[in-house]
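These notes are about the structure you will find just below.
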Amino acid sequence: KIIEQAKWIIVERKSMSEPEAMRALQKQARNNRRPLVEVAQSVIENAELFKA
96 KIIEQAKWII VERKSMSEPE AMRALQKQAR NNRRPLVEVA QSVIENAELF
146 KA
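What the sequence shown shows, in this note's numbering, is residues 96 to 147, in sequence order.
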């Protein structure tokens, strides 16, 4: 669920397709050697910061 939520944030913010957004999340996780769910959580937290 967290990954799905992050994926849709990327789709909306970056005007990417759903598969492109998923690949972007996966690439970020690989490049930073972090779990996908951790990267997704960061995307969600950052999106919430910009809402305020």
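Note that the Cβ used here is the ideal one computed from N, Cα and C, for glycine as well.
In this text the structure is predicted, and so the values were computed from the model without any measurement.
**Message:** Just to confirm my understanding: we take LEU120, look at its own chain, exclude 5 residues before and 5 after, and list those with CB closer than 8 angstroms. What are they?
**Reply:** Locating residue 120 in the sequence shown gives position 25, counting from the first residue. Cβ neighbours of LEU120 beyond the five flanking positions: ILE98, ALA101, LYS102, ILE105, LEU131, VAL134, ALA135, VAL138.
**Contacts around LYS96, its chain only, beta-carbon distance under 8 angstroms, and the 5 residues preceding and following it disregarded** = Walking along the sequence shown from the start, residue 96 turns up at place 1. No residues qualify anywhere along the chain.
**Request:** Counting only the same chain and skipping the five closest in sequence on each side, list residues whose C-beta sits under 6 angstroms from that of ALA116.
**Result:** Translated into positions along the sequence shown, residue 116 becomes position 21. For ALA116, where only same-chain residues beyond five positions count, the Cβ hits under 6 angstroms are LYS102, ILE105, VAL106.
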